[in-house]
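Q:
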Amino acid sequence: MSSSSFPRRRETGGLARWYRTTPDSQRRATGLAMALLVASLSASLFAGSAGAKEAQPESPDPVLEARMVRITSELRCLVCQNQTIADSHADLAVDLRREARELLSQGKSDQDVIDYMTARYGDFVLYRPPLKATTLLLWGGPALMLLIGAGVGIATIARRNRMTDEAFEPEDDEARERARA
Amino acid sequence: MKRARFLVPLGIFVALAIVLAIGLNRDPREVPSPLIGKPAPAFALPTLGNPERAIATADLKGKVWMLNVWASWCVACREEHPLLVAFAKRGTVPIYGLNYKDQRDDGIAWLAQRGDPYRASLFDADGRVGIDFGVYGVPETFIIDKTGTIRFKHIGPLTPEVLTTVIEPLVRKLDV
Amino acid sequence: MIPELGHFALWLALGASLVLGVMPMVGAGVGRHDWMAVARPTAGTLFTLVALAFVCLAASFANNDFSVLYVATNSNRLLPLHYRIAAVWGGHEGSILLWLLMLTFWTAAVARFSRHLPDVLVARILAVMGWLSFGFLLFVLVTSNPFDRLFPAAAEGRDLNPLLQDPGMVIHPPMLYMGYVGLSVAFSFAVAALIGGQLDASWARWTRPWTTAAWIFLTIGIALGSGWAYYELGWGGWWFWDPVENASFMPWLVATALIHSLAVTEKRGSFKSWTVLLAILAFSLSLLGTFLVRSGVLSSVHAFASDPKRGLFILAFLVVVIGASLALYAWRAPSVGLGKRFAFVSRETMLLGNNVLLVVACGAVLLGTLYPLALDALNLGKISVGPPYFDTVFVPLLTPLVFLMGVGPMARWKDARLPDLAMRLRWAAGTAVVAALAVAWLHGGLGIVGVLGLLMVFWIVASVATDLVERLRPDAGKGLVERARQVPRALVGMMIAHVGIAVFITGVTLVKSGEVERDVKMDVGDTTTIGPYVFTFRGAQAVDGPNYRAMQGVIEVSKNGAAPTTLRPEKRLYTATQASLTEAAIDTGFTRDLYVSLGEAVGGSAWVVRVYVKPFVDWIWGGCLVMAIGGLVAATDRRYRARTRRSEAGIDDDPVVAAHARPSTTPASSTT
Chain A
1 MSSSSFPRRR ETGGLARWYR TTPDSQRRAT GLAMALLVAS LSASLFAGSA
51 GAKEAQPESP DPVLEARMVR ITSELRCLVC QNQTIADSHA DLAVDLRREA
101 RELLSQGKSD QDVIDYMTAR YGDFVLYRPP LKATTLLLWG GPALMLLIGA
151 GVGIATIARR NRMTDEAFEP EDDEARERAR A
Chain B
1001 MKRARFLVPL GIFVALAIVL AIGLNRDPRE VPSPLIGKPA PAFALPTLGN
1051 PERAIATADL KGKVWMLNVW ASWCVACREE HPLLVAFAKR GTVPIYGLNY
1101 KDQRDDGIAW LAQRGDPYRA SLFDADGRVG IDFGVYGVPE TFIIDKTGTI
1151 RFKHIGPLTP EVLTTVIEPL VRKLDV
Chain C
2001 MIPELGHFAL WLALGASLVL GVMPMVGAGV GRHDWMAVAR PTAGTLFTLV
2051 ALAFVCLAAS FANNDFSVLY VATNSNRLLP LHYRIAAVWG GHEGSILLWL
2101 LMLTFWTAAV ARFSRHLPDV LVARILAVMG WLSFGFLLFV LVTSNPFDRL
2151 FPAAAEGRDL NPLLQDPGMV IHPPMLYMGY VGLSVAFSFA VAALIGGQLD
2201 ASWARWTRPW TTAAWIFLTI GIALGSGWAY YELGWGGWWF WDPVENASFM
2251 PWLVATALIH SLAVTEKRGS FKSWTVLLAI LAFSLSLLGT FLVRSGVLSS
2301 VHAFASDPKR GLFILAFLVV VIGASLALYA WRAPSVGLGK RFAFVSRETM
2351 LLGNNVLLVV ACGAVLLGTL YPLALDALNL GKISVGPPYF DTVFVPLLTP
2401 LVFLMGVGPM ARWKDARLPD LAMRLRWAAG TAVVAALAVA WLHGGLGIVG
2451 VLGLLMVFWI VASVATDLVE RLRPDAGKGL VERARQVPRA LVGMMIAHVG
2501 IAVFITGVTL VKSGEVERDV KMDVGDTTTI GPYVFTFRGA QAVDGPNYRA
2551 MQGVIEVSKN GAAPTTLRPE KRLYTATQAS LTEAAIDTGF TRDLYVSLGE
2601 AVGGSAWVVR VYVKPFVDWI WGGCLVMAIG GLVAATDRRY RARTRRSEAG
2651 IDDDPVVAAH ARPSTTPASS TT
């Protein structure tokens, strides 16, 4: 993977095709127009560079914005096919981000924003399921499965170790001994 | 007894299959409202037809009423609108509209073209009241009782079945 | 005419699959060699017919035949040819046909590369695969026929979803399906062995390369899907624990467990019934994934348009296939032998630990994916389970697994001594801790999780190095080269694959703790700086693509004043569907990606631009590639190639087969 650039989408030969198919007079006129355009562009660039500056963050309060994004990254966009409110372009998601921003700027806490959302849309809007009676099995499940799995594994080995040699396949050298016999 | 534990995988699978079979009939994207049985959110909005006139929560206490969320840009609303107009004529329950995230002129024109079943339509330009009601898709319909508590929410266009089997009996019960 | 030909081919294929499912199976049961011999040619015919149908569909797409409903819904005249072909699997009907193509391909491959297997076993394996094809063909012909006509024919197609008009679309589904469907081979081997009652180390040796091959494809397929999401979706994420992503990850976890379990069964004859169960489980998860994606029970960005009738059919198919195989397992498994003894501390136990952890991890993912559905089915409310849950639950399972990854290969079969192991690994452990802390200190800004990640990485690398050094150390007169040649390819592959995991964890750890994101308003000439990188906005211009119009931004990036690289993110509007798409521009590097995407225009020539620096993110997919290479090396081990000399000492340590093979060099025929 080189670090040289390549545009993600390449324009395939459009200019070459134009050059082949356009009559001379039209090409000259276009050339002149191009030259004028370049000249004015350069001028504006020059003027522009005088005004070029360090870009400003999109949001007036980046710290608040970061907080909002962090909170809404764990909230579900209800009108999308499985996307967070932070990432979705849907109208409702844009509105809810706006609401969240406003709540935070009023000094509300992260939990307040989450409560705001669940009061209106229920637990469905949370990507991190709340710990409730109905989700005990969800949150405890993996640990429980691990315990059961480990338990069964250990019990199985223990049971095997209690068995006599007849239950098992003989080791290779023993089998070859018997086969040769 | 030795064989019993070999049946465990099959048993787990059967349980899983039952869950999946039931799930086939569910809509994974339908969000039930947590506001059923809770007081309707407070609001004070201008009406669509007359910007000077405003309606607030207090104005609607004391009677059973229906809130229908609609917009001129909403395609599914066109489907349910004739039903709503006919239903309004029966006078079973006063219907108030919530014009959600719409342009005033577009909303007025839409009603003029298709009929106006609403006592009044609240004009919710930025959608904030809609969010307070937990609206996520238009159209949605709420039934609110005399104390201002939300008793029922229907998501999507209304159908004759919902009107006759759920809404009318509910309204009759609440009116008592 | 061509669509009708394709449709007819599918009906013929249905017949062929029925023949394949019945005759060889019955023949194997009653010992009729002529009926068993039907299997191989029928498998070939089946593949040819399905391939023909596939070609007919592809031709319809290439010719813009909008009288075929499926073509009209998924294609467009302006769509470039390669995307028209990829559009074959852009919708449900075509993608099921792709699945069928893969299934019949694997069936034909097994028919071709199984000369060294007993005829009875081959007959049963191919019969089982025939039944699978039968089920899918029935599904296609009854509910999802891609050749349905549209009268009157559409003048223009609806177009392929713009998100799918991408090179990723061309390669990701075929790779993924090769993996999914490849697991049906292990499944068929398992079911055939259960039916025949012959489960021994040879069976494990025969199954192993097929399973590894499927695993390789699945690894690459998942990695491609993740990479594609990364650059296509415009926000730089690469894994969302989306139900469809999980549907591909679960078979991968079980397939990984299966590969490790097969190693034990092949070497020591142990874990036979467990291995068989894993083989059934892996493919069952593939089928479950198919169900989840197409039935509409779960909401996902990847889900096809849902149809309850299709969902019901797949569920019925699932119940029959998985139910029958698990019932067969419950019936036959108890009488399967135990293999050789092993002590409480031994490589067998370590691999058992590996299996437990992987299967529990799969169980956790399954639990999280299906829990919302289960609660809803029981009327207990509606919840969502997303990345916060999976991230919390998955990482603690990964840690002990990685620890075992270092210890397991060093442990002896049958009986390993813990103090001895600890002695041999003390250098690796020490190095890992020191290196992790040193890198963490140099890097700065890494939390506990970051340090843990580094620790895992260095542990894997150090333990693989220790293992390698031990095996290559000159010993008993044999030099380095001699010793190197003695290391079996399967072990070399294992080491490479484990290092691949280390590379993967490196990528994940460093990108999660080190990535920087910046959302800025940029006018022409404005700059923004992240670390040593200066991004300069040069304005946006309108460009046209074959079937879209776009605003293309031009951003130059330079590092420490060197010559700038130009990135061109786009915001596209596709003409046919009027769908808009944000196309990010990425400068790929070995140690970092520079990722730029356009937001909204904010008046005049200014735009909102989103800029990311993502350190080591490509190591995520690089690690997957290394894993796949490891798998390839392992699968080409001498042991798995069709045998030439059966009696070579050391290759065949299975006493049962060895006893039968003693008098001659021909492959042992069916022993039961």
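Chains as they are written, first to last, in our numbering: chain A, 1 to 181; chain B, 1001 to 1176; chain C, 2001 to 2672.
Even for Gly, the Cβ is constructed at its ideal location relative to N, Cα and C.
The structure presented is a predicted model; accordingly, all values stated were derived computationally and were not measured.
Taking only the alpha-carbon atoms, compute the straight-line gap between C/V2358 and C/N2246 and give it to the nearest angstrom.
A: Locating residue 2358 of chain C in the third sequence gives position 358, where the first residue counts as 1. Locating residue 2246 of chain C in the third sequence gives position 246, where the first residue counts as 1. Sequence inspection shows Leu at residue 2358 of chain C; the Val mentioned does not correspond to that position. So the alpha carbons of these two residues sit roughly 14 Å apart.
Q: Tell me the rounded alpha-carbon separation between C/H2033 and C/V2019.
A: As a first step, residue 2033 of chain C is located in the third sequence; it is residue number 33 there, counting from the start. As a first step, residue 2019 of chain C is located in the third sequence; it is residue number 19 there, counting from the start. If you take the alpha carbons of C/H2033 and C/V2019, they lie about 15 Å apart.
Q: Taking 8 Å as the threshold (C-beta atoms), are C/I2085 and C/F2061 in contact?
A: For this step, residue 2061 of chain C is matched to residue 61 along the third sequence. For this step, residue 2085 of chain C is matched to residue 85 along the third sequence. Yes, Cβ-Cβ distance for C/F2061 and C/I2085 is below 8 Å.
Q: Quick one: does C/F2105 have its CB under 8 Å from some CB of chain A?
A: By one-based count along the third sequence, residue 2105 of chain C stands at place 105. Not one chain A Cβ lies under 8 Å of C/F2105.
Q: For the stretch 1014 to 1057 of chain B, which segments carrying the beta strand (DSSP E) assignment without a break, of at least 3 residues, lie completely within its bounds, in sequence order?
A: Those beta strand (DSSP E) runs which fall completely within the stretch 1014 to 1057 of chain B and span 3+ residues are 1044 to 1046 and 1054 to 1056.
Q: Which of the three DSSP states, helix, strand or coil, is assigned to B/F986?
A: There is no way to answer for residue 986 of chain B, as the model of chain B reaches only from 1001 to 1176.
Q: Just to confirm the assignment, what range does the beta strand (DSSP E) spanning B/W1073 have?
A: Position 73 of the second sequence holds residue 1073 of chain B. Run containing B/W1073: none; DSSP gives neither H nor E here.
Q: Using 8 Å as the threshold, is the stretch 1032 to 1049 of chain B in touch with the stretch 115 to 131 of chain A, meaning 3 or more CB pairs across them?
A: They touch, by the three-pair rule.
Q: Please state the DSSP three-state secondary structure of A/E99.
A: By 1-based counting over the first sequence, the position of residue 99 of chain A is 99. DSSP places A/E99 in helix when its eight states are reduced to three.
Q: Just to confirm the assignment: which complete beta strand (DSSP E) runs, minimum length 3, are found wholly within the stretch 2509 to 2596 of chain C?
A: Taking only runs of at least 3 residues, the beta strand (DSSP E) segments lying wholly in the stretch 2509 to 2596 of chain C are 2516 to 2522, 2527 to 2530, 2533 to 2544, 2548 to 2559, 2565 to 2567, 2570 to 2574, 2580 to 2583 and 2585 to 2588.
Q: Quick one, are the C-beta atoms of C/P2409 and C/D2467 less than 8 Å apart?
A: Counting from one through the third sequence, the residue named residue 2409 of chain C turns up at place 409. Counting from one through the third sequence, the residue named residue 2467 of chain C turns up at place 467. Yes; because the gap between Cβ atoms is below 8 Å, this pair is in contact.
Q: Which residue's Cα is closest to the Cα of C/L2397: A/A158, A/R67, A/L144 and A/N161?
A: Position 397 of the third sequence, counted from the first residue, corresponds to residue 2397 of chain C. Nearest of A/A158, A/R67, A/L144 and A/N161 to C/L2397, Cα basis: A/L144.
Q: So, for C/I2322: in the same chain, excluding its five sequence neighbours on each side, which residues have a beta-carbon less than 6 Å away from its beta-carbon?
A: Counting from 1 along the third sequence, the entry for residue 2322 of chain C is found at position 322. Excluding residues within five positions, the ones whose Cβ falls inside 6 Å are S2284.
Q: Leaving aside the five residues before and after C/R2149 along the sequence, list all residues of the same chain whose C-beta is less than 8 Å from its C-beta, in chain order.
A: By 1-based counting over the third sequence, the position of residue 2149 of chain C is 149. P2003, S2067, V2068 and L2069.
Q: Which residues in the same chain have their Cβ closer than 7 Å to the Cβ of C/Y2231, if we skip the five residues on either side of it in sequence?
A: Start at 1 with the first residue of the third sequence, and residue 2231 of chain C comes out as number 231. If we look at C/Y2231 and ignore the five residues flanking it on each side, its Cβ neighbours are A2584 and I2586.
Q: Would you kindly report the start and end of the unbroken alpha helix (DSSP H) that includes C/E2704?
A: Limits of chain C in this structure are 2001 at one end and 2672 at the other, which puts residue 2704 of chain C out of reach.
Q: Bridge partners for B/F1142 per DSSP, in chain order?
A: Start at 1 with the first residue of the second sequence, and residue 1142 of chain B comes out as number 142. Answer is B/L1067 and B/K1153.
Q: Would the stretch 2442 to 2460 of chain C and the stretch 2409 to 2423 of chain C be scored as touching if the rule is three or more Cβ pairs under 8 Å?
A: The stretch 2442 to 2460 of chain C is not in contact with the stretch 2409 to 2423 of chain C.
Q: Comparing alpha-carbon positions, which option in C/E2470, C/A2282 and C/M2169 lies nearest C/S2261?
A: Start at 1 with the first residue of the third sequence, and residue 2261 of chain C comes out as number 261. Checking every option, the nearest Cα to that of C/S2261 belongs to C/A2282.
Q: With a threshold of 8 Å between beta-carbons, can A/D24 be considered close to chain B, or not?
A: Against the first sequence, residue 24 of chain A aligns to sequence position 24. Closer than 8 Å: no.
Q: Count the other CB atoms, across all protein chains shown, that sit within 10 Å of the CB of C/R2310; report buried if there are 16 or more and exposed otherwise.
A: Translated into the one-based positions of the third sequence, residue 2310 of chain C becomes position 310. C/R2310 should be labelled buried.
Q: Assess contact between the stretch 2483 to 2491 of chain C and the stretch 2620 to 2631 of chain C, defined as three or more Cβ pairs (one per stretch) separated by less than 8 Å. Is contact present?
A: Because the criterion of three Cβ pairs below 8 Å is not met, the stretch 2483 to 2491 of chain C and the stretch 2620 to 2631 of chain C do not touch.
Q: I'd like to know if C/G2386 contacts chain A, where contact means its C-beta is closer than 8 Å to some C-beta of that chain.
A: Counting from 1 along the third sequence, the entry for residue 2386 of chain C is found at position 386. Answer yes: the Cβ-Cβ gap between C/G2386 and chain A drops below 8 Å somewhere.
Q: Could you check whether the Cβ of A/I85 sits closer than 8 Å to any Cβ belonging to chain C?
A: Indexing the first sequence from 1 puts residue 85 of chain A at position 85. Not closer than 8 Å to any Cβ of chain C, the Cβ of A/I85 fails to qualify, so no.
Q: Using the DSSP secondary-structure output, state which residues sit across from A/P57 in a beta bridge.
A: Sequence index remark: in the first sequence, residue 57 of chain A carries index 57 (1-based). Answer is C/V2520, bridged to A/P57.
Q: What are the residues in the stretch 1015 to 1032 of chain B lying within 9 Å of chain C by C-beta distance?
A: Within the stretch 1015 to 1032 of chain B, the residues whose Cβ lies closer than 9 Å to some Cβ of chain C are L1016, A1017, I1018, V1019, L1020, A1021, I1022, G1023, L1024, N1025, R1026, D1027, P1028, R1029, E1030, V1031 and P1032, listed in chain order.
Q: Thinking just about the alpha-carbon of each residue, which of C/L2472, C/D2593 and C/A2428 is nearest to the one in C/G2510?
A: Against the third sequence, residue 2510 of chain C aligns to sequence position 510. The sequence as given places Leu at residue 2510 of chain C; Gly does not occur at that position. Of the candidates C/L2472, C/D2593 and C/A2428, the one whose C-alpha sits nearest the C-alpha of C/L2510 is C/D2593.
Q: What does A/T118 touch in chain B if you count any residue whose Cβ is under 9 Å from its own?
A: In the first sequence, residue 118 of chain A corresponds to position 118, counting from 1. What A/T118 touches in chain B: P1034.
Q: Give me the Cβ distance between C/T2211 and C/A2186, rounded to the nearest whole Å; I'm assuming they're in contact under 8 Å.
A: As a working mapping, residue 2211 of chain C is identified with position 211 in the third sequence. As a working mapping, residue 2186 of chain C is identified with position 186 in the third sequence. Sure, about 5 Å apart at Cβ, within 8 Å.
Q: Using a C-beta to C-beta distance shorter than 7 Å, which residues of chain C count as neighbours of B/L1178?
A: In this structure chain B extends from 1001 to 1176, so residue 1178 of chain B is not present and cannot be described.
Q: Less than 7 Å between C-beta atoms, sequence neighbours within five positions excluded: which residues of the same chain meet that for A/D131?
A: One-based indexing of the first sequence puts residue 131 of chain A at position 131. At residue 131 of chain A the sequence reads Leu, which differs from the Asp that was named. Excluding sequence neighbours, A/L131 sits near W139.
Q: To be precise: take each residue of the stretch 1128 to 1149 of chain B, compare its Cβ to all Cβ atoms of chain A, and keep it if any distance is under 8 Å. Which residues remain?
A: Going along the stretch 1128 to 1149 of chain B in chain order, one finds R1128, I1131, D1132, F1133, G1134, Y1136 and G1137 with a Cβ nearer than 8 Å to chain A.
Q: Less than 8 Å separating the beta-carbons of C/E2293 and C/F2304?
A: Position 293 of the third sequence, counting from 1, holds the residue named residue 2293 of chain C. Position 304 of the third sequence, counting from 1, holds the residue named residue 2304 of chain C. According to the sequence displayed, residue 2293 of chain C carries Val and not Glu. Against a cut-off of 8 Å, the Cβ pair of C/F2304 and C/V2293 comes out as a contact.
Q: Just grab the DSSP bridge partners of C/A2037 for me.
A: On the third sequence, position 37 is the one that residue 2037 of chain C refers to. BP columns for C/A2037 are empty, so no partner.
Q: Should B/V1019 and C/A2377 be called a contact, given that it needs their Cβ atoms to be closer than 8 Å?
A: On the second sequence, residue 1019 of chain B is found 19 positions in, with the first residue counted as 1. On the third sequence, residue 2377 of chain C is found 377 positions in, with the first residue counted as 1. It is a contact, given that the beta carbons lie within the stated cut-off.
Q: Between A/F168 and chain B, is the shortest Cβ-Cβ distance under 8 Å, so that the two count as touching?
A: For the purposes of this step, residue 168 of chain A is taken as the residue at position 168 of the first sequence. Closer than 8 Å: no.
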